[in-house]
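When you read off a place in the sequence shown, starting at 1, and then add 35, the result is the number in our numbering. All remarks here apply to the structure that follows.
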Amino acid sequence: MTKGQSLIIEFVLFFLISFSLFAVISYIFYNQNEFFKVRIGDKLTDIVDNLAVTHIIKSTGCKSCDYVKVQEDLPLKIGGYYYKIILKQDEGLNTTLISQKFYSRRHQLFHLNKTFSLIDSQSESENKIIEIQINNINKQVVID
């Protein structure tokens with residue numbers, strides 16, 4: 036092999052090694068970013084669920100209130116993902132992050148089934164506003 040050929044092979048090998056090193060480092064940073072987005076989304080869905088449950092419990096504790104309407108402004112995305120909030124009689128409150136990987140968090144609403152008739156409803160991230168209506172006379176909880 037001549038001196039010129041070995042120099043070209045050396046440059047090609049260095050290029051392949053540096054390109055693979057760059058690809059591995061990029062992949063590590065991409066996965067770390069996705070991991071943190073999921074963790075942040077997990078914590079924020081927990082906060083959104085606790086916010087909704089807090090409003091429900093606080094409103095049901097008001098004995099002199101016949102009708103309570105609570106509005107909360109929520110961001111379009113939680114942790115970089117779109118979301119869906121569903122309130123059902125048998126499932127309780129379920130907040131779902133919509134991404135490539137499906138992630139969902141469910142909270143049971145204990146002791147509200149005895150006094151309330153939960154109307155099946157859902158709120159998607161296009162709404163940007165969660166509205167909780169509680170009618171203490173008819174014992175209904177609705178999330179729009």
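Every residue gets a Cβ at the ideal spot worked out from N, C-alpha and C, and that includes glycine.
Exposed unless 16 or more other CB atoms sit within 10 angstroms - verdict on residue i
i, result
"VAL47", "exposed"
"LEU79", "buried"
"HIS146", "At HIS146 the pLDDT is 47, less than 50, meaning the model places this residue with poor confidence; the figure from the coordinates comes in the next sentence. That one is exposed."
"SER55", "exposed"
"LEU132", "buried"
"LEU122", "buried"
"SER61", "exposed"
"SER53", "exposed"
Given residue i as reference, the closest of the options once Cα atoms are compared
i, options, result
"ILE120", "VAL83, ALA58 and LYS98", "VAL83"
"ASP77", "LYS38, GLN40, LYS112 and SER41", "LYS112"
Residue interval of the beta strand (DSSP E) (run including residue i)
i, result
"TYR116", "Taken as a continuous stretch (DSSP letters only), TYR116 belongs to no beta strand (DSSP E), as it is neither H nor E."
"ASP108", "102 to 108"
"THR130", "127 to 133"
Beta-carbon proximity check, residue i vs residue j, cutoff 8 Å
i, j, result
"CYS97", "VAL105", "no"
Original post:
Is the segment 72 to 88 touching the segment 126 to 133, taking contact as three or more C-beta pairs under 8 Å?
Top reply: Touching, yes, given that three or more Cβ pairs across the two stretches are closer than 8 Å.
Original post:
Three or more beta-carbon pairs under 8 Å between the segment 107 to 122 and the segment 54 to 74, yes or no?
Top reply: Yes: the two stretches touch, three or more of their Cβ pairs being nearer than 8 Å.
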